[in-house]
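Asker:
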Amino acid sequence: MKTVSDVVDWLSDADHWWGADGIAVRTAQHVELSAIALAIVLAVALPLALWLGHVKKGGFLAINITNVGRAVPTFALLTLLALTSVGIGDQTVILALVLFGIPPVLTSAYVGVREVDQQVVEAARGMGMTGFQQLRRVELPLAVPLVMDGVRLAAVQIVATMTIAALVAGPGLGRIISRGFATQDRPQLVSGALLVVVLALLVEGGLAWLRRVVDPVRRAYRASGDAGELPPGPTLGVADFVGGARDTTDTVS
Amino acid sequence: MNLRTGNCLQANSWICGKFITTREHQLTAALQQHVVLTVESVLIALAISLPLAIAVRRSRHATGGLLGLATAIYAVPSLALFGVLVPITGLRPATVLVGLALYSLTILIRSVLTGLESVPPDVVEAARGMGMGRARLLLRVELPLALPSIFAGLRVATVSTVALATIGYLIGEGGLGNLIAEGLTNYFKAEVLTASVLCVALAVAFDVVLVGLQRAVTPWTRTRTRTRPERVVGRSS
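From first to last, the protein sequence lines are chains P and V. With our numbering applied, the first sequence covers 306 to 558. With our numbering applied, the second sequence covers 1182 to 1418.
#1: Under 8 Å, CB to CB, which of the residues in the segment 362-377 of chain P have a partner in chain V?
#2: Would you mind telling me which residues of chain V sit closer than 9 Å to residue 464 of chain P, beta carbon to beta carbon, in chain order?
#3: Evaluate residue 1213 of chain V with the Cβ neighbour count: other Cβ atoms within 10 Å of its Cβ, from every protein chain shown; 16 or more gives buried, anything less gives exposed.
#4: State the DSSP-derived secondary structure class of residue 321 of chain P, mapped to helix, strand or coil.
#5: Compile a chain-ordered list of the residues in the segment 1363-1386 of chain V whose CB is closer than 8 Å to at least one CB of chain P.
#6: Please decide whether residue 332 of chain P counts as near chain V, where near means a Cβ-Cβ distance under 8 Å.
#7: Would a check of beta-carbon distances place residue 509 of chain P closer than 8 Å to chain V?
#8: Does chain P have any CB closer than 8 Å to the CB of residue 1351 of chain V?
#9: Mapping DSSP to helix, strand and coil, what is residue 1203 of chain V?
#10: Taking the straight line between their C-alpha atoms, what separation do you get for residue 1426 of chain V and residue 383 of chain P?
#11: At the 8 Å Cβ level, is residue 315 of chain P part of the contact set with chain V, yes or no?
#12: Start and end of the alpha helix (DSSP H) containing residue 564 of chain P?
#13: Under a Cβ-count criterion, where at least 16 other Cβ atoms within 10 Å of its own Cβ denotes burial, should residue 1287 of chain V be classed as buried or exposed?
#14: Is it right to say residue 432 of chain P is buried, meaning 16 or more other beta carbons lie within 10 angstroms of its own, or is it exposed?
#15: When you compare the CB of residue 1220 of chain V with every CB in chain P, is at least one pair closer than 8 Å?
#16: Taking 8 Å as the CB-CB cut-off, is residue 1327 of chain V touching chain P?
#17: What residue range does the alpha helix (DSSP H) around residue 1361 of chain V cover?
#18: Using a Cβ-Cβ cut-off of 6 Å (strictly less than) and excluding sequence neighbours within five positions of residue 1412 of chain V, which residues of its own chain qualify?
#19: Would you give the residue range spanned by the alpha helix (DSSP H) that residue 435 of chain P belongs to?
#20: Taking only beta-carbon positions, decide if residue 387 of chain P is within less than 8 Å of chain V.
#21: Short check: CB of residue 478 of chain P to CB of residue 331 of chain P, under 8 Å?
#22: Just to confirm my understanding: we take residue 357 of chain P, look at its own chain, exclude 5 residues before and 5 after, and list those with CB closer than 7 Å. What are they?
#23: For residue 372 of chain P, count neighbouring C-beta atoms within 10 Å of its own C-beta (all shown protein chains included) and say buried if the count is 16 or more, exposed if not.
#24: Does residue 1268 of chain V have its Cβ less than 8 Å from a Cβ in chain P?
#25: Give the residues of chain V in contact with residue 479 of chain P, contact being defined as C-beta atoms less than 7 Å apart.
#26: Under 8 Å between beta-carbons, which chain P residues line up against residue 1340 of chain V? List them in chain order, please.
#27: Between residue 317 of chain P and the rest of its own chain, which residues show a CB-CB distance below 7 Å, the 5 nearest in sequence each way excluded?
#28: Could you work out which residues of chain V lie near residue 328 of chain P, taking near to mean beta carbons separated by less than 9 Å?
#29: Is residue 467 of chain P helix, strand or coil by DSSP?
#30: Could you tell me whether the Cβ of residue 401 of chain P comes closer than 8 Å to any Cβ of chain V?
#31: Determine, using beta carbons only, whether residue 1296 of chain V and residue 1346 of chain V come nearer to each other than 8 Å.
#32: Can you round the beta-carbon distance between residue 1294 of chain V and residue 1244 of chain V to whole angstroms, since I take them to be within the 8 Å contact cut?
#33: Under 8 Å between C-beta atoms, does residue 325 of chain P make it to chain V?
#34: Under DSSP, the alpha helix (DSSP H) around residue 1395 of chain V begins and ends at which residues?
#35: Classify residue 310 of chain P as buried or exposed, calling it buried when 16 or more other Cβ atoms lie within 10 Å of its own Cβ.
#36: Any C-beta of chain V sitting closer than 8 Å to the C-beta of residue 530 of chain P?
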């Protein structure tokens, strides 16, 4: 395969790594803007989702925001932002990343808290815990797997949106791919794509690992020595994101 | 805003009725390409995921491996996936179709598997007791009961595909994405906004059609108060 050797050649050229728009700089931009956006998403969406899940209100919003987010093409939103008077800069790219990062966190964390066994919450209330204590010490620890799913989905979404930002002359690794497409330079195109694949899989794998590590239930089982009997934790699914597919009657109250 | 006078084209307004009337043919053609691309890729994905899920469902290892692979592919940004496909399928429209079908596949394989898993064991037992063979059991009992889950996956896959397809403009096969890209190059606001709005409207229209279709083919779910179909996660593209 000629393409394979061309790609290897492209990736082993030191000039492509170092320099003003080399791989190193592009990767740094990609990671930096993504990290800033994820931090903003967590600061905005997480408290809101946890609180909505605790009071069991706003389920319609929390669940349907993901459907809305999915229907809007990232490319369309980025192009619209690029044509405003502000234009595409770090701030507008971060704004787009945040807008697409919020829905998964909001939905997952909301569902995570709402799905906590109500008998456990009742018991906590019976022990005299305040609403905040119930959320902090009972609901949040039990919701950790789903909250972490939301964080992982948001991170993957942000890294993907960041890649598309290159199509409207934004920064990041996507620039290597878009330049490859624009100049019909296949080695560059494929090399850029492979770099983004590696980054995306590192983010996905890293956050899937973090989910297992920070899950208090799993840790408690491991500490007690019978990890083999760990019950399968809660998981997210289409039903949590498709309006009407899941029973949401309890959100009316 | 000079919506009625036609000066909105010169003024480069975001909303411009004149743009829609003068470029009607182009808009219709782009919309049509978008619909065909979406329907084809989702149907290809469905045609592959159904037999694949049925083949692996008895093996825990095969199921786990397939779902792991699906999760990994799903994490790859669309632009990078198209890029990786170029050496295999070339800079041709097929690359867009294959890429879109792959994304739908990762969503559908999960929803088909979860749907089949959700069939209550006693229902399967009862069907066996009535003398049903494996093929009849699958076609008459298991697949119909898996339909709510399969439809949930179809809705997520279709809506995602409508959004994802816009990137296909890079290979000249992006439907409404071609117009968005053209508007970006020419700094033409009305073209970008109109194509974007049409894209979202198309996604909503597909979703409504699928909900209607689901209600038509699963009449029993309307009388049952609680259904808990499966769970897979989607992401915007």
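Where is the CB? At the ideal position from N, CA and C, for every residue including glycine.
Answerer: Reading off the structure:
#1: 371, 372, 374, 375, 376, 377
#2: Walking along the first sequence from the start, residue 464 of chain P turns up at place 159. Correct list: 1256, 1258.
#3: Counting from 1 along the second sequence, the entry for residue 1213 of chain V is found at position 32. That one is exposed.
#4: Position 16 of the first sequence, counted from the start, is the residue given in the question as residue 321 of chain P. Correct three-state label for residue 321 of chain P: helix.
#5: 1364, 1365, 1368, 1370, 1373, 1374, 1376, 1377, 1380, 1381, 1384, 1385
#6: Here residue 332 of chain P corresponds to residue number 27 of the first sequence, with the count starting at 1. With 8 Å as the cut-off, residue 332 of chain P does not count as an interface residue toward chain V.
#7: Looking up residue 509 of chain P in the first sequence gives position 204. Yes, its Cβ sits closer than 8 Å to a Cβ of chain V.
#8: As a first step, residue 1351 of chain V must be located in the second sequence, where it is residue number 170. At least one chain P Cβ lies under 8 Å of residue 1351 of chain V.
#9: Within the second sequence, numbered from 1, the residue matching residue 1203 of chain V stands at position 22. Helix at residue 1203 of chain V.
#10: Nothing about residue 1426 of chain V can be reported from this structure: the residues present for chain V run from 1182 to 1418 only.
#11: Here residue 315 of chain P refers to the residue found at position 10 of the first sequence. Taking Cβ atoms only, chain V never reaches closer than 8 Å to residue 315 of chain P, which makes this a no.
#12: Outside the displayed span of chain P (306 to 558) sits residue 564 of chain P, for which this structure offers no information.
#13: Along the second sequence, one-based indexing puts residue 1287 of chain V at 106. Buried, since its Cβ has 16 or more Cβ neighbours within 10 Å.
#14: On the first sequence, position 127 is the one that residue 432 of chain P refers to. When all chains shown are included, residue 432 of chain P counts as exposed.
#15: Numbered from 1 along the second sequence, position 39 holds the residue referred to as residue 1220 of chain V. Cβ-Cβ to chain P under 8 Å: no for residue 1220 of chain V.
#16: For this step, residue 1327 of chain V is matched to residue 146 along the second sequence. False, the Cβ-Cβ gap to chain P never drops below 8 Å.
#17: Mapped onto the second sequence, residue 1361 of chain V falls at position 180. From DSSP, the alpha helix (DSSP H) with residue 1361 of chain V extends over 1357-1367.
#18: In the second sequence, counting from the first residue as 1, residue 1412 of chain V sits at position 231. Note that residue 1412 of chain V has pLDDT 47, beneath the 50 cutoff, so the model's placement of it is unreliable and the number below is only indicative. Correct list: empty, nothing qualifies.
#19: Position 130 of the first sequence, counted from the first residue, corresponds to residue 435 of chain P. That residue, residue 435 of chain P, is in no alpha helix (DSSP H); it is neither H nor E in DSSP.
#20: Position 82 of the first sequence, counting from 1, holds the residue named residue 387 of chain P. For residue 387 of chain P, the answer is yes, since a Cβ of chain V falls inside 8 Å of its Cβ.
#21: Position 173 of the first sequence, counting from 1, holds the residue named residue 478 of chain P. Position 26 of the first sequence, counting from 1, holds the residue named residue 331 of chain P. Yes, Cβ-Cβ distance for residue 478 of chain P and residue 331 of chain P is below 8 Å.
#22: Sequence index remark: in the first sequence, residue 357 of chain P carries index 52 (1-based). Closer than 7 Å at Cβ, skipping near neighbours: 363, 367, 415.
#23: For the purposes of this step, residue 372 of chain P is taken as residue 67 along the first sequence, with counting starting at 1. Burial call: buried.
#24: Translated into positions along the second sequence, residue 1268 of chain V becomes position 87. Interface residue, yes.
#25: Indexing the first sequence from 1 puts residue 479 of chain P at position 174. Here the neighbours are 1260.
#26: Start at 1 with the first residue of the second sequence, and residue 1340 of chain V comes out as number 159. Here the neighbours are 372, 375, 376.
#27: Here residue 317 of chain P is taken as the residue at index 12 of the first sequence, counted from 1. The answer is none, since no qualifying residue turns up.
#28: Sequence index remark: in the first sequence, residue 328 of chain P carries index 23 (1-based). In chain order: nothing, as chain V lies at least about 14 Å away.
#29: Translated into the one-based positions of the first sequence, residue 467 of chain P becomes position 162. Correct three-state label for residue 467 of chain P: helix.
#30: In the first sequence, residue 401 of chain P corresponds to position 96, counting from 1. So no, residue 401 of chain P is outside the interface.
#31: Counting from one through the second sequence, the residue named residue 1296 of chain V turns up at place 115. Counting from one through the second sequence, the residue named residue 1346 of chain V turns up at place 165. No.
#32: Position 113 of the second sequence, counting from 1, holds the residue named residue 1294 of chain V. Position 63 of the second sequence, counting from 1, holds the residue named residue 1244 of chain V. Indeed, because the Cβ distance is near 6 Å, the residues count as touching under 8 Å.
#33: Here residue 325 of chain P is taken as the residue at index 20 of the first sequence, counted from 1. For residue 325 of chain P, the answer is no, since every Cβ of chain V falls outside 8 Å of its Cβ.
#34: As a working note, residue 1395 of chain V is residue 214 in the second sequence. Run containing residue 1395 of chain V: 1370-1398, per the alpha helix (DSSP H) assignment.
#35: On the first sequence, position 5 is the one that residue 310 of chain P refers to. Flag for residue 310 of chain P reads exposed.
#36: Here the question's residue 530 of chain P lines up with position 225 in the first sequence. So no, residue 530 of chain P is outside the interface.
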